[in-house]
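Residue numbers (the working numbering): 10 to 155.
Glycine included, every Cβ here is placed at the ideal spot set by N, Cα and C.
Bear in mind that the values here come from a model prediction, so they are computed numbers and not experimental data.
Here the structure comes first, spelled out in structure tokens, and everything after it is commentary.
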């Protein structure tokens, strides 16, 4: 399948690469189908590209890249729809935001994705985590954030 994007031009993906977030993301309830694209200039950064809104791409990182002891504590009811057999079956991402010239990572509302079923959900953690963990300057993000 070919997808036209505003940041990356036309990209190819297969049906198995599409992540379904049945409830959308916080503030983006209608945005349910996404793919993860690698950033061509920063291997630690990925882009969650929406399939219906070609202007919408969110920069994401592994939260453990910036907070090695990051541990996701969520209510069982929040992750039950992901049908995870074990913790190793989940991919965990944090959304990067630009706050002036500073980049921050949202550790309060990570994205969890079942690697096998490609079902995802944005959850609110039950333990105390920063909403805006500073991670660097805006020059680290190579494409304009949505």
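In the DSSP assignment, residue 131 falls within the unbroken beta strand (DSSP E) covering 129-131.
Between residue 29 and residue 129, the C-beta gap is smaller than 9 Å, which places the two residues in contact. The three-state reading of DSSP puts residue 31 in coil, since its state is none of H, G, I, E or B.
Rounded to the nearest whole angstrom, the CA to CA distance from residue 49 to residue 55 is 9 Å. Under the DSSP assignment, residue 118 falls outside any alpha helix (DSSP H); it carries neither an H nor an E label.
With a 10 Å radius around the Cβ and a threshold of 16 neighbouring Cβ atoms, residue 115 comes out buried. Counting only runs of at least 4 residues, the segment 61-119 fully encloses the following alpha helix (DSSP H) elements, listed from N- to C-terminal order: 85-88. When the alpha-carbon of residue 25 is set against those of 45, 16, 38, the nearest one is in 45. DSSP places residue 21 inside the beta strand (DSSP E), whose first and last residues are 18-21. Rounded to the nearest whole angstrom, the C-alpha separation of residue 18 and residue 80 is 35 Å.
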